[in-house]
Amino acid sequence: RNNLHVVLAMSPSGEKLRIRCRNFPALVSSCIVDWFFEWPSEALQKVATSFLCDESNVSSEKKDHVSSHMVLVHREVTAKSREFRTIMKRQYFVTPKNYIDFISVFRELLRSNIKKNDSVTSRLNGGLTKLAEAADAVDRMQVELREKKVTVDGKTSEVEELIEVIQQKTKIATESSEEASKKQEAAESQAKIIAQEKAKADSALM
Numbered sequence: 144r145n146n147l148h149v150v151l152a153m154s155p156s157g158e159k160l161r162i163r164c165r166n167f168p169a170l171v172s173s174c175i176v177d178w179f180f181e182w183p184s185e186a187l188q189k190v191a192t193s194f195l196c197d198e199s200n201v202s203s204e205k206k207d208h209v210s211s212h213m214v215l216v217h218r219e220v221t222a223k224s225r226e227f228r229t230i231m232k233r234q235y236f237v238t239p240k241n242y243i244d245f246i247s248v249f250r251e252l253l254r255s256n257i258k259k260n261d262s263v264t265s266r267l268n269g270g271l272t273k274l275a276e277a278a279d280a281v282d283r284m285q286v287e288l289r290e291k292k293v294t295v296d297g298k299t300s301e302v303e304e305l306i307e308v309i310q311q312k313t314k315i316a317t318e319s320s321e322e323a324s325k326k327q328e329a330a331e332s333q334a335k336i337i338a339q340e341k342a343k344a345d346s347a348l349m
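With our numbering, letter number 105 in the sequence shown gets 248, and the count goes up by one each step, no holes.
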């Protein structure tokens, strides 16, 4: 029992510590209170670096800049909390837990944004692949179109020559038909004359 030691860690922010000390005076009278003051900048830098070391998507140089910025932000918030207490007469606690939460939120946002960027990059790469495939297909179709155009041009020339031959033969056939019609008309005229002469001759013989 003499060697039993109990360690209680409590945050000074809020009303909980005040209420517990009022309800349990032994927390103050029978305990050794060890107040943890602000972490120095070196400690804040090491904590941030330790949390960021697992982020493989961030280079070492950027990790140093990010950790330095985190230290700067935390120190500025701490300074503003003192200014707030002086002006507004109200206490706003900035604890190391806030700093660790700040780092955790940053890491979550970092991973979320990296995931989004990877998704967008994948979609863009897929779109670029489709565009490249479409360009290759267009090139192939243009080559085939040029080859088929040569074939079509050759066939067109043959058809035009055939049409010209048909037109010439049609013209000859039309001329022959007209000539035959004229000869038929002349023959019919002669036949009428012969019939008339025959009728005259028959009447003369009677």
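Note that the Cβ used here is the ideal one computed from N, Cα and C, for glycine as well. Only a predicted model underlies this, so the values are computations on that prediction, with no experimental measurement involved.
{"Item": "How many angstroms separate the CA atom of Ile230 from the CA atom of Lys223?", "Value": "10 Å"}
{"Item": "Give the single residue among Ala191, His212, Gln339 whose Cα lies nearest to the Cα of Lys240.", "Value": "Ala191"}
{"Item": "Which term fits Ser210, buried or exposed, when burial requires 16 or more other beta carbons within 10 angstroms of its beta carbon?", "Value": "buried"}
{"Item": "So, with DSSP's three-state summary, where would you put Asp345?", "Value": "helix"}
{"Item": "Report the CB separation of Pro183 from Phe236 in whole angstroms; it is logged as a contact under 8 Å.", "Value": "Not confirmed; about 18 Å, so no contact."}
{"Item": "Note down the Cα distance separating Ile306 from Ser332, rounded to an integer number of angstroms.", "Value": "39 Å"}
{"Item": "Applying the 10 Å Cβ sphere with the 16-neighbour rule, what's the burial state of His217?", "Value": "buried"}
{"Item": "If contact is defined by three or more beta carbon pairs under 8 Å, each pair taking one atom from either stretch, is the stretch 198-215 in contact with the stretch 239-255?", "Value": "yes"}
{"Item": "Which residues in the same chain as Thr317 place their Cβ atom closer than 6 Å to its Cβ, once the five residues preceding and following it in sequence are excluded?", "Value": "none"}
{"Item": "Over the uninterrupted alpha helix (DSSP H) stretch that includes Met213, give me the two end residues.", "Value": "203-231"}
{"Item": "Kindly give me the distance between the Cβ atoms of Tyr242 and Leu187, rounded to whole angstroms, as I take these residues to be in contact under 8 Å.", "Value": "6 Å"}
{"Item": "Is DSSP giving Arg174 helix, strand or coil here?", "Value": "The sequence given here has Cys at residue 174, not Arg. Coil at Cys174, not helix or strand."}
{"Item": "If distances are taken between C-alpha atoms only, which option among Asp296, Leu160, Asn146, Lys189 comes closest to Val176?", "Value": "Leu160"}
{"Item": "According to DSSP, is Ala277 part of a helix, a strand, or is it coil?", "Value": "helix"}
{"Item": "Helix, strand or coil: which one does DSSP assign to Asp197?", "Value": "coil"}
{"Item": "Measure from the alpha carbon of Val150 to the alpha carbon of each residue in Cys174, Glu287, Lys314, Asp345, then state which is nearest.", "Value": "Cys174"}
{"Item": "Assuming the contact rule is C-beta atoms closer than 8 Å, Leu253 and Glu198 should be a hit. Round their C-beta distance to whole Å, please.", "Value": "7 Å"}
{"Item": "Among residues of its own chain, excluding the 5 on either side of Thr221, which ones have a beta-carbon nearer than 7 Å to its beta-carbon?", "Value": "Glu181, Val237"}
{"Item": "Starting from the C-beta of Cys164, find all residues in its chain whose C-beta is less than 7 Å away, skip the five residues before and the five after it, and write them out in chain order.", "Value": "Leu170, Val171"}
{"Item": "Would you tell me roughly how many angstroms separate the C-alpha atoms of Val214 and Glu276, rounded to the nearest one?", "Value": "50 Å"}
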